[in-house]
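Residue numbers (full-length UniProt numbering): 1 to 457.
This report refers to the structure that appears directly beneath it.
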Amino acid sequence: MEFTEAYKQTGPCCFSPNARYIAVAVDYRLMIRDTLSFKVVQLFSCLDKISYIEWALDSEYILCGLYKRPMIQAWSLTQPEWTCKIDEGPAGIAYARWSPDSRHILTTSEFQLRLTVWSLVNTACVHVQWPKHGSKGVSFTKDGKFAAICTRRDCKDYINLLSCHSWEIMGVFAVDTLDMTDIQWSPDDSAIVIWDSPLEYKVLIYSPDGRCLFKYQAYESGLGVKSVSWSPCGQFLAVGSYDQMLRVLNHLTWKTFAEFMHLSTVRAPCCAAVFKEVDEPLQLDMSGLCLDDDFMGGSDAPGGHFKVRYEVMEVPITFPFQKPPADKPNPKQGIGLLSWSNDSQYICTRNDSMPTALWIWDIRHLELAAILVQKDPIRAAAWDPISTRLVLCTGSSHLYMWTPSGAYCVSNPLPQFSITDLKWNSDGSCLLLKDKESFCCAAVPLLPESSDYSSDE
C-alpha cells in the first residue's frame, strides 16, 4: 500500500460519489482536492466553522452544515460563482441532506418542528410537519422516486410517503411502535423496515401501501434492538440486539434463519480462524550505528521499536469483557456495529461489551468465519465496495485487513498519525484515513480474482 502525506483537517472529510474528489473541512473553508494529484481544485469560504458536509449523488454539488449559526451553504464544482444559503431563522437547522436527484436539500429544524424540502432549481420549498428525528427517520428508495419520512403527532408514530418528483404526500399511515427509532427501505424498494426504541423489542416490515407484512419480536423483557441492516442483495435483514445476538431474517417469509451468539469464550468445535494482534519487536542490527541523545529521545515508540502482526490462536480463547454499569443509560453492550460485505456473503459485527473483538460471519454456510482480536477497541470497520475485503482501525498507527484467505496488519509510515476513522471511495481503489487534526489517503491494491472459495461455487 502507498500512503500520501498528511493534510490538515478540522472536521468532516469524504470522497465524492464518483471517486474523483475529496472534500475537506478546514475551519470555515471547504477544500476540494483531486483524488489522484491531491491538488486543491476548488476552495470555498463559508460564514462559520463547518460541522458537516455531504456530496450530492451527481458529485456536482456539495452542502456544508454550519450548525453553530445555524445555516446551510451549498456550492457547485462546475459553477464556482454559484452560491446557495439556507437559513430557517428562529426554527434553526438540526440536520441537512441531499435528495437523490441532487437538486433538492432536505433540512430538519431544531426540536423537530418541521422538515423542509428546498429546491435549487426554482427556490420553491415544501414543509412536512413534526418529523420524528433530526438526522434519522428519512429513507429514499434505491431508484430515487420516493421518500419515507417518520413523523409523530398526538403521541403516535406515522410514515409519510412523498414523491421525490413533485414532493407531494402520496400516503400517510400509522405504525405500531411506541417510540420509532429509524426506518430503511429494502434494496429492491418492495418493503420498509422500522424498529422501536430499545425499551421495546419490535421490528416491523411494511409494504409501501401501509400493510404490515411481518412483526418480529425476539423477546419481551430486557433492552431490544440496537442495530438493523439490509443485505445489499435485499434477501436478508440483519438485526443486532442488546442481548448480544445477531439474528438474520429472510425476505420471503420474514422468518429468522440464523442466530449468532457473541460469547466471551469461544470453545471447540469451532472452525473459525481467530487472529490476535500481537507486538513484534523489530530486529535491528544497530552495532554499527552511532545515535545521539536527541534522536534517541525523539523515538515515538517508548520501550523500543515495535511492529504488530496477527497471530492465529487456538480455541478455547477468552476475550476481554466489560460489564456495563447498571445505573447508567445507554449501556455499552449488544451489537453496536453491523456491516454487510458487498456480495452479501459475510457480515461483520462488534459486541460493545467486547469492543476489541470483531466477528465475521459467513451467511452462505451459516457459521463463524473469523474473529479479529485487537489490542485496542475497534473504532471503525468498512467493507471494500468492490471486493470481499474488510478494513478496520483502532486509533493506533496501523490498519487491519481481512479477506477470506487471511488477515494482516499494515503500518502507516506517517509519524504521530493515529487512525481514528476510515472511508472507502466508491471504486475500492483508495482509503481515506483520519487522525484528530489531519488526514491522509492510502492506495489499495486490487485483490486478485476471487478463488478463495471457488470450490463452493
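Here a beta-carbon is modelled for each residue, glycine too, at the ideal position from N, C-alpha and C.
Considering Cα atoms alone, identify which of the options is closest to residue i.
i, options, result
"Ile32", "Asp48, Ser59 and Lys132", "Ser59"
"Phe38", "Leu199, Cys233, Leu414 and Ala19", "Ala19"
"His262", "Ala268, Leu249, Glu280 and Asp352", "Asp352"
"Ile317", "Cys270, Leu57 and Ser418", "Cys270"
"Asp435", "Ala443, Leu414, Gly428 and Ser429", "Leu414"
"Glu314", "Pro90, Asp34, Asp327 and Leu372", "Leu372"
"Ser418", "Gln184, Gly395, Lys49 and Gly144", "Gly395"
"Asp143", "Asp243, Asp157 and Pro187", "Pro187"
"residue 508", "Asp34, Asp362, Asp209 and Leu358", "The shown model of the chain, from 1 to 457, leaves out residue 508, and the question about it has no answer."
"Thr181", "Asp87, Phe257, Leu447 and Ile194", "Ile194"
"Leu120", "Lys85, Tyr95 and Val138", "Lys85"
"Asp87", "Lys307, Glu311, Thr123 and Glu81", "Thr123"
"Tyr242", "Asn330, Thr35, Thr177 and Ile192", "Asn330"
Is the CB-CB distance between residue i and residue j below 8 Å?
i, j, result
"Cys348", "Leu390", "yes"
"Ala273", "Ala370", "yes"
"Trp98", "Glu54", "yes"
"Tyr7", "Cys440", "yes"
"Ala74", "Ile62", "yes"
"Ser227", "Gly134", "no"
"Asp196", "Asp179", "yes"
"Leu30", "Phe44", "yes"
"Leu366", "Ala258", "yes"
"Gln112", "Lys136", "no"
Quick check: the Cα distance between residue i and residue j, rounded to an integer number of angstroms?
i, j, result
"Met354", "Tyr219", "22 Å"
"Phe236", "Leu249", "6 Å"
"Trp340", "Lys375", "24 Å"
"Pro12", "Ala268", "44 Å"
"Thr10", "Leu57", "24 Å"
"Gly304", "Val278", "Any reading at Gly304 is ruled out, since the residue's pLDDT is 39, under 50, leaving its predicted position unreliable."
"His104", "Arg69", "21 Å"
"Ser221", "Asn342", "34 Å"
"Asn160", "Ser231", "24 Å"
"Tyr67", "Asp101", "24 Å"
"Ala91", "Gln129", "13 Å"
"Ile378", "His165", "41 Å"
"Cys430", "Gly334", "31 Å"
"Thr107", "Gly65", "10 Å"
"Pro445", "Phe3", "12 Å"
"Ile72", "Phe319", "45 Å"
"Ser190", "Tyr158", "18 Å"
"Arg309", "Phe275", "9 Å"
"Glu200", "Ser109", "27 Å"
What does DSSP give as the partner residue(s) for residue i in the beta ladder?
i, result
"Ser241", "Val225"
"Gly65", "Tyr52 and Ile72"
"Glu277", "Tyr310"
"Phe38", "Bridge partners of Phe38: none, in fact."
Rounded to the nearest angstrom, how far is the Cβ of residue i from that of residue j, given a contact under 8 Å?
i, j, result
"Val175", "Tyr206", "7 Å"
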